[in-house]
Every structure is written in structure tokens, then in C-alpha cells.
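K.L.:
Provided herewith is a single structure, encoded as C-alpha cells, for subsequent inquiry.
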């Protein structure tokens with residue numbers, strides 16, 4: 009096993025002493041894993057340069073040095089920054105005007121820096137944003153919902169945030185893009201890495217219409233651990249997370265759990281209970297997540313109290329809804345076909361005979377019933393759809 | 009309009025003075041509509057005979073007399089009781105040993121009497137019972153769920169309660185019958201009336217394996233109002249109500265509302281958000297009903313606290329679940345195909361070289377990785393299903 013190139017680490021350290029904070033954090037993002045609580049604690053205590061010193065030098069933290077000095081020696085933050093600049097991107101760090109301060113809710117687990125590709129202001133774009141997450145191997149049903157929700161959210165000025173995976177992630181981005189809206193992909197790899205490769209052209213579209221976002225340096229490849237850590241950024245940067253389809257152990261549930269831990273609303277769209285891909289969603293819906301069936305309900309849950317209310321869905325009106333309760337009882341008592349006398353109607357409905365006569369006259373005027381020799385009959389065409397339950 | 013046959017009403021009254029309470033309430037069930045709060049208040053204050061007197065005589069309640077005396081004159085409770093007795097049935101009233109006392113939770117709206125067909129003890133049969141309700145025009149998905157839930161509930165000793173309609177009601181009864189379990193249909197018509205007529209043979213099966221139950225006298229036909237009033241009996245006689253499929257304005261939601269008003273658990277099974285027949289269920293799930301995906305979850309919600317717990321569903325285990333976090337990071341850092349050196353793994357994973365070497369040795373022993381000339385490679389067959397998310 010090769011020994012650590014201590015000299016190379018020292019060389020980088022020298023450069024960083026005179027570098028700006030962006031360059032130092034760019035370096036840190038290439039050396040330390042995002043979401044590592046030990047590193048986060050050190051950054052909070054000693055600043056980026058202090059951490060870089062502790063990685064480069066064998067003392068006072070020999071273990072940290074042993075673990076990360078090799079990476080430090082290979083890192084080249086100036087080149088990373090230049091590379092991303094050429095792609096229309098930049099690094100934003102806490103304190104920058106466009107830093108999304110809602111990330112501070114992560115406390116010690118907040119990112120030290122975010123690599124971006126995109127031309128808008130990150131903070132403004134994320135001000136009203138919703139995460140849409142779910143299974144990679146989703147069903148056509150799930151893809152359709154993700155896409156429709158994203159389109160509708162985008163049409164109402166909301167930014168859609170997701171990962172870059174196949175399935176729900178891609179369907180959400182495509183829905184937002186189709187509506188000419190804002191969409192952002194938070195990646196577990198560098199913003200210059202197309203993973204999965206087949207999404208390369210989609211990522212270019214996202215970069216030009218919204219944002220590619222990553223905590224890890226350009227060129228970094230995705231690991232399982234990076235996906236999990238990335239999920240907390242999706243949860244924290246948005247107002248709430250919608251899970252569209254997810255199996256019981258789906259990774260997208262990690263994003264839901266992260267959102268829950270941050271007191272952000274967690275929403276889920278149900279599916280058939282016979283579909284394993286809705287099993288995870290049903291599980292979170294059984295444990296406090298809110299069921300949503302359209303984008304308006306999403307906006308109501310994540311939007312401003314009182315100003316973003318969803319309309320309550322109303323079913324088809326039955327013909328009986330137009331009448332008062334006495335008139336309804338009269339109509340209920342009458343046969344759907346055939347003739348009934350007024351006193352039979354009174355007996356059948358349990359109403360007083362005078363009440364019945366008043367109702368019958370009104371109904372005749374409305375054209376709902378017709379007077380016959382032997383009594384009264386209902387005009388069928390007037391009452392379609394009013395069968396009793 | 010015919011005048012009221014006051015003499016006939018008096019004649020019935022004379023017979024009732026010497027009749028038993030069952031006969032009096034049998035009469036009342038033929039004359040007054042169940043769930044009528046005015047009648048209920050009168051029964052509570054004056055007893056069944058007192059109410060019959062007030063209906064038969066023009067004073068002291070001329071309006072009540074005008075409204076119901078015609079029905080009273082035509083009623084024949086002795087014949088009704090005999091008719092139901094021949095069908096293997098009876099009338100049960102509050103105070104009878106088999107009266108389901110949970111109906112008292114309805115307060116003033118509690119039934120005065122229930123007509124039954126069935127050979128078991130009503131109270132014991134209803135001790136552990138669940139209502140399964142839903143749309144008449146259900147989908148095959150809804151019918152399948154209703155039937156499966158009912159079968160599973162019946163297999164666990166629970167009585168299924170529903171109406172007698174097409175769709176979810178019928179599917180629930182058939183599921184319980186198929187499992188040779190108890191099922192009860194609460195009807196909006198007499199227990200001798202087959203409505204809908206096509207369910208006649210199913211009603212006979214239910215009568216012989218469980219119960220047909222009604223508040224209204226034999227021969228009574230169903231009205232819209234009777235269906236609505238009937239729903240409160242379904243809600244009150246059971247421990248909880250499961251709504252399987254229901255459109256936004258479905259009548260089965262009235263049963264759910266009644267259960268909610270009685271502090272009984274209201275449960276719902278979701279479906280595709282694109283299905284109008286799940287719209288009503290999704291609406292109640294958004295407003296406090298509990299989402300359930302199988303009978304075990306139903307039993308947990310309606311059963312005894314702590315003794316009827318549903319197993320938590322678990323997904324398929326990923327291969328990485330078997331390893332500690334260091335080992336997982338090592339595997340994450342390795343390419344899925346090809347060879348990687350130990351120091352490259354250390355650099356990539358951000359782990360100390362010694363940690364990496366210990367992990368690699370263990371993984372080699374487990375047969376998960378293999379030593380090559382240039383480093384280490386993953387044994388594909390050992391890790392199927394472990395792709396990163």
C-alpha cells in the first residue's frame with residue numbers, strides 16, 4: 009500500500025493559505041465526504057483552512073491525516089472551479105447572497121458549499137420549491153403522476169427539486185421542463201458527471217432551465233453513501249417532499265425521513281394496495297405523511313398558510329340536492345315508474361297530507377312530476393342519476 | 009285526499025295496551041321512520057305505548073296523529089312477528105340479552121328495535137365486527153380488496169358488516185361467506201324483502217350464516233332516507249368502518265362520517281389517484297381516516313390495544329445490509345466491474361488504509377471480493393441487487 013504523499017499535502021496547504029474561502033471550500037468538497045459529522049464539527053470550530061491544515065499535517069490529528077491526506081494531495085480546487093465556470097456554473101457557500109439559508113436547518117449537517125450549474129439566483133429559485141422523489145423502477149402510473157404534478161407545480165411558479173435517477177426523478181424534471189418551469193437536480197456526483205449516462209441530455213436541459221446542484225467536487229462519481237447524504241439536501245432546500253411511488257425499502261423514503269426530521273411536510277400519492285411500488289408510500293401515509301392527489305393539494309401543504317388553499321373536490325350533484333328535505337322525502341316515497349296517489353305518498357313518506365300536497369304542487373311546477381288520473385308520476389328525464397343508494 | 013281512519017288507529021291501540029313490549033315496538037317500527045329524532049325523543053319520554061297512543065289519538069299531538077295515524081291503522085305487528093318467525097327470525101329490543109349495547113352510543117338516535125334473521129346470538133356475533141362499505145359501481149380492484157379483506161377478517165374470527173347493495177357490499181359478504189365466516193347485512197328494507205332482487209340468494213346465504221338486520225318492519229321497501237339512516241346502524245354496531253372504494257359524494261362516506269361521530273376508527277384503502285372511485289376514500293384519508301392495506305392493519309386499528317398488532321411489512325434485504333458501515337464504504341468505493349488497488353479504495357472511500365485492509369480481508373473470506381494481480385474485484389454473483397440508488 010502506498011504511503012501518503014505528505015509533501016504534496018503541504019504544497020496544497022501553502023496555496024490555500026492565500027486562497028479565498030470559495031477555493032478552500034472547493035478543496036474541502038473534493039477531499040472530505042459531504043455530511044461527515046466529524047468534518048462538519050471541525051469546519052465549524054476551525055474554519056475551512058483549519059481543517060485543511062489538520063488534513064495536510066500529521067499533527068495534531070494523525071488519524072484524519074492518514075485518512076484524507078492522499079486525497080488532499082491530488083485535489084486541484086482552482087482547476088475544479090475553472091472547469092465548472094466553463095460549464096456556466098459556480099460554487100456557492102454560506103454567506104453568499106444566493107445561499108439558500110433554509111439549509112441552515114440541517115445544523116451541523118448543513119453543506120459547506122454547493123456546486124451549481126444554472127444561470128438563475130439559487131436562493132430565489134428555491135424560495136418556493138417542492139421535492140418530488142420516488143422509485144427508479146416506477147410504473148407508468150407513477151411516472152404520469154410525477155410528470156403531471158411537476159408540470160402543475162411549475163405552472164404555479166414552484167420549482168421542482170429531485171435527484172437525477174431514472175423513474176420518478178426523471179419524470180418530475182421532464183414534467184417541469186415541459187411546462188417551461190424551473191427544475192433542479194441535486195446530484196450525488198459532480199455537476200459535470202452524467203450519471204446515469206443516459207440522462208446526459210436531460211441534465212444539459214436542466215442546467216439551462218434550472219439547476220444542477222452537488223455537494224461533491226467536479227469529476228466525483230456517485231457512491232451509495234453519497235446518494236443517502238444527498239437526500240438530506242433535497243429535503244432541506246425545499247418546503248416539502250412528495251413521494252410518488254416507493255417500495256417499502258426505497259431510498260426515496262430516506263428523503264421523506266429527512267424532511268420529517270426537518271419539520272418539513274412529507275406528502276405521498278397513494279396507489280393500488282396491490283402495487284409493491286406504492287407500499288412504501290402507504291407506509292409513510294400510515295405514519296403521519298399527508299395524502300395528496302393533485303398539485304393544488306401539494307401547494308396548500310407547502311405554501312403560505314391561508315393563501316395557497318386547494319379547492320375541495322366536489323362530486324357530481326344529484327338531482328335531489330336541489331330540493332328541501334320534505335320535497336326529497338316526497339320524491340323518495342314515489343315509485344321511479346308508475347303512478348301513486350297523494351295519500352299513499354303521505355302514508356309512505358310519513359309526512360302530513362298538507363305538506364305532501366304543497367310539495368307535489370311545487371314539483372309539478374318544476375316539471376319534475378306530472379299529474380295523472382290515479383295520482384302522480386315522476387318525469388324520468390328530470391331525475392336521471394338520482395337512484396337511491 | 010282520504011281522511012285518516014281514526015277508528016282503525018284506536019283499534020290497534022286497544023290491542024297494544026295488552027301486548028308485550030316486543031309487539032309494541034314491532035308496531036312502532038312499521039309506523040315511524042327509524043332515526044326520526046322527534047319519535048326517538050317521544051319513545052324515551054313516554055315509552056312505546058305512550059307514543060302509539062299519541063299517534064292513534066287526535067290529542068295531545070294533532071300533528072303527529074295527522075302524519076302517522078294512517079300508517080298505524082294499516083299496521084299488523086302480530087302478523088309481522090309471525091312472518092319473520094317463520095323465516096327463522098325475531099325482533100330484538102333494548103334490554104334483551106342479545107341486544108348489542110354498543111348501539112347505545114347513538115344516544116337518542118339509537119334504534120328502538122332490530123328485526124333479525126339469523127340463528128346466532130347477535131350481541132356475541134357483533135362483539136368483534138368490522139364494517140366494510142363502499143361504492144355500488146366499484147371496480148374489479150375494489151371488489152377484490154373488499155372480498156380479500158372480508159375473507160381475512162372472517163378467518164381471524166371477525167364478523168363483517170355491510171349493506172346489501174351491489175359492488176363493495178356484496179363483495180365483502182361473499183368474501184366472508186367464502187371463508188365460512190360470519191357476515192351481516194344491515195338493510196334499508198324489511199328483512200323479508202330482497203333489494204336489490206338479484207341478491208335474493210345471497211341474502212338467504214347471509215341469513216343462514218350470519219344475520220340480516222333491519223330497523224324497518226317486514227315488507228317495508230327501501231327509500232333514499234332509509235339508506236342514509238341505516239348507515240348509522242352499520243357504523244354503531246361495529247368496532248370500526250373500512251371504506252374500500254367511494255367517489256367524492258358516495259353514500260358510503262355517510263357511514264364513515266357516522267363512525268367518526270361515534271369515535272369509531274374510520275379506515276380507508278387507497279387506490280390510484282386517477283380513479284374517481286377512490287376519490288372519496290382519498291378525501292377521508294386526507295381528513296383523519298387511517299390508511300390500511302390489509303386485514304391485519306384493520307384488526308390492529310379496531311382490535312384490542314396491544315394484542316391485535318399488525319406485522320410491519322419489510323422489503324427485500326439488500327446485500328449491503330449484512331455489513332458494517334466501514335465495509336459498506338469499501339464496497340461502495342469499488343467498481344462493480346474491474347479491479348481496484350487497496351490504496352485507490354482508501355482514497356476513494358476516504359477511509360484509513362488500515363481500516364480498508366481489514367475490511368478487504370473479511371470480504372475475501374466471505375467470498376464477496378477476490379484478490380487479483382492489480383488489486384481487488386467484486387464477485388458479481390455475491391452482490392446481485394446491490395446497485396446504488
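Residue numbers (our numbering), protein chains in the order written: chain E, 9 to 397; chain Y, 9 to 397. By construction, the Cβ of each residue, glycine as well, lies at the ideal position given by its N, Cα and C atoms. All values reported here derive from a predicted model rather than from experimental measurement.
Under a three-way DSSP split, which group does residue 325/Y fall into?
P.N.:
Because residue 325/Y sits at a pLDDT of 48, beneath the cut-off of 50, its placement in the model cannot be relied upon, and the following sentence gives the value as read from the coordinates. Reduced to three states, the DSSP call for residue 325/Y is coil.
K.L.:
At a Cβ threshold of 7 Å, is residue 393/Y touching chain E?
P.N.:
Low confidence applies to residue 393/Y: its pLDDT is 38, below 50, so where it sits in the model is not reliable enough to give any reading.
K.L.:
Would you call the region 72 to 79 of chain Y in contact with the region 33 to 53 of chain Y, where contact means no fewer than 3 C-beta pairs closer than 8 Å?
P.N.:
Yes, since at least three Cβ pairs between the region 72 to 79 of chain Y and the region 33 to 53 of chain Y fall closer than 8 Å, the two stretches touch.
K.L.:
Please give me, in chain order, every unbroken run of the alpha helix (DSSP H) with length at least 4 that falls completely inside the region 254 to 338 of chain Y.
P.N.:
Listed in chain order, they are 260 to 269, 284 to 294, 303 to 310.
K.L.:
Kindly indicate which residue of 240/E, 150/E, 341/E has the alpha-carbon position closest to the one of residue 110/E.
P.N.:
Comparing Cα positions, the closest option is 240/E.
K.L.:
Should residue 344/E go down as buried or exposed, given a rule of 16 or more other Cβ atoms within 10 Å for buried?
P.N.:
Residue 344/E comes out exposed.
K.L.:
State the Cα-Cα distance for the pair residue 316/E and residue 246/E, rounded to the nearest angstrom.
P.N.:
Using only the alpha carbons, I get a separation of about 16 Å.
K.L.:
Using 7 Å as the limit for Cβ to Cβ distance, is residue 75/E near chain Y?
P.N.:
With 7 Å as the cut-off, residue 75/E counts as an interface residue toward chain Y.
K.L.:
Using only the alpha-carbon positions, how far apart do residue 69/Y and residue 59/Y sit?
P.N.:
About 10 Å.
K.L.:
Give a yes or no on contact between the region 122 to 129 of chain E and the region 198 to 208 of chain E, applying the rule of three or more CB pairs nearer than 8 Å.
P.N.:
Yes: at least three Cβ pairs fall under 8 Å.
K.L.:
If we define contact as Cβ-Cβ less than 7 Å, is residue 338/E a contact residue for chain Y?
P.N.:
Answer no: the Cβ-Cβ gap between residue 338/E and chain Y never drops below 7 Å.
K.L.:
Taking only the alpha-carbon atoms, compute the straight-line gap between residue 334/Y and residue 106/E and give it to the nearest angstrom.
P.N.:
Rounded to the nearest angstrom, the two C-alpha atoms are 36 Å apart.
K.L.:
For residue 280/E, which residues in chain Y fall below 7 Å Cβ to Cβ?
P.N.:
The answer, in chain order, is 149, 279, 280.
K.L.:
With residue 120/Y as the anchor, note down where its beta strand (DSSP E) starts and where it stops.
P.N.:
Per DSSP, residue 120/Y belongs to no beta strand (DSSP E) and is neither H nor E.
K.L.:
Which residues does DSSP list as the beta-bridge partners of residue 191/Y?
P.N.:
In the DSSP output, where bridge partners are listed per residue, residue 191/Y has 168/Y.
K.L.:
Reducing DSSP to helix, strand and coil, say where residue 385/Y ends up.
P.N.:
Residue 385/Y: strand per DSSP, three-state reduction.
K.L.:
So, are the CB atoms of residue 242/Y and residue 180/Y less than 7 Å apart?
P.N.:
Contact flag unset, no.
K.L.:
Just checking, does the region 297 to 311 of chain E make contact with the region 201 to 217 of chain E on the three C-beta pairs under 8 Å criterion?
P.N.:
Segments in contact, no.
K.L.:
Using only alpha-carbon positions, find the residue among 170/Y, 340/Y, 226/Y, 341/Y that is nearest to residue 261/Y.
P.N.:
Out of 170/Y, 340/Y, 226/Y, 341/Y, 170/Y has the C-alpha closest to the C-alpha of residue 261/Y.
K.L.:
Counting only C-beta atoms, is residue 17/Y closer than 7 Å to chain E at any point?
P.N.:
Taking Cβ atoms only, chain E never reaches closer than 7 Å to residue 17/Y, which makes this a no.
K.L.:
Taking the C-alpha atoms as reference points, what is the distance between residue 325/E and residue 175/Y?
P.N.:
Annotation note: pLDDT 48 at residue 325/E (below 50); position unreliable, no value reported.
K.L.:
Measuring only the C-alpha atoms, how far is residue 82/Y from residue 353/E?
P.N.:
Looking at the two C-alpha atoms, the distance is approximately 14 Å.
K.L.:
Quickly, what does DSSP pair residue 139/Y with across the bridge? List them, please.
P.N.:
Looking at the DSSP assignment, residue 139/Y forms a beta bridge with 169/Y, 249/Y.
K.L.:
Start and end of the beta strand (DSSP E) containing residue 59/E?
P.N.:
Premise fails: residue 59/E lies in the alpha helix (DSSP H), 45 to 64, not in any beta strand (DSSP E).
K.L.:
How would you list, in chain order, the residues of chain E whose beta-carbon sits under 7 Å from the beta-carbon of residue 290/Y?
P.N.:
Near residue 290/Y (Cβ distances below 7 Å), the residues of chain E are 278, 299, 301.
K.L.:
If we define contact as Cβ-Cβ less than 7 Å, is residue 231/E a contact residue for chain Y?
P.N.:
Residue 231/E counts as touching chain Y.
K.L.:
Could you please tell me which residues of the region 129 to 159 of chain Y, in chain order, have their CB closer than 9 Å to any CB of chain E?
P.N.:
Per Cβ criterion, the list reads 144, 149, 152, 153.
K.L.:
Return helix, strand or coil for residue 69/Y, following the three-state DSSP convention.
P.N.:
Three-state result, residue 69/Y: coil.
K.L.:
Would you say residue 41/Y reaches chain E, if we count a Cβ-Cβ gap shorter than 7 Å as a contact?
P.N.:
It does; some Cβ of chain E falls within 7 Å.
K.L.:
Return the residues of the region 264 to 275 of chain Y that lie within a Cβ-Cβ distance of less than 9 Å from chain E, sorted by chain order.
P.N.:
Answer in chain order: no residues at all.
K.L.:
Show which residues of chain B have a CB atom less than 8 Å away from the CB atom of residue 293/Y.
P.N.:
Structure shown: chain B not included; protein chains present are E and Y.
K.L.:
Checking the sheet assignment: what are the DSSP bridge partners for residue 222/Y?
P.N.:
Answer is 123/Y, 195/Y.
K.L.:
The alpha helix (DSSP H) with residue 161/E in it runs from where to where?
P.N.:
148 to 163 is the span of the alpha helix (DSSP H), which, as asked, contains residue 161/E.
K.L.:
Would you decide whether residue 206/Y is buried or exposed? Buried here means 16 or more other CB atoms lie within 10 Å of its CB.
P.N.:
Exposed, by the Cβ-count rule.
K.L.:
Could you check how far apart the C-beta atoms of residue 168/E and residue 150/E are, in whole angstroms? I think they sit under 8 Å.
P.N.:
Wrong, their Cβ atoms sit about 15 Å apart, outside the cutoff.
K.L.:
Go ahead and label residue 369/E buried or exposed: buried means 16 or more other beta carbons lie within 10 angstroms of its beta carbon, across all protein chains shown.
P.N.:
By the 10 Å Cβ count, residue 369/E comes out exposed.
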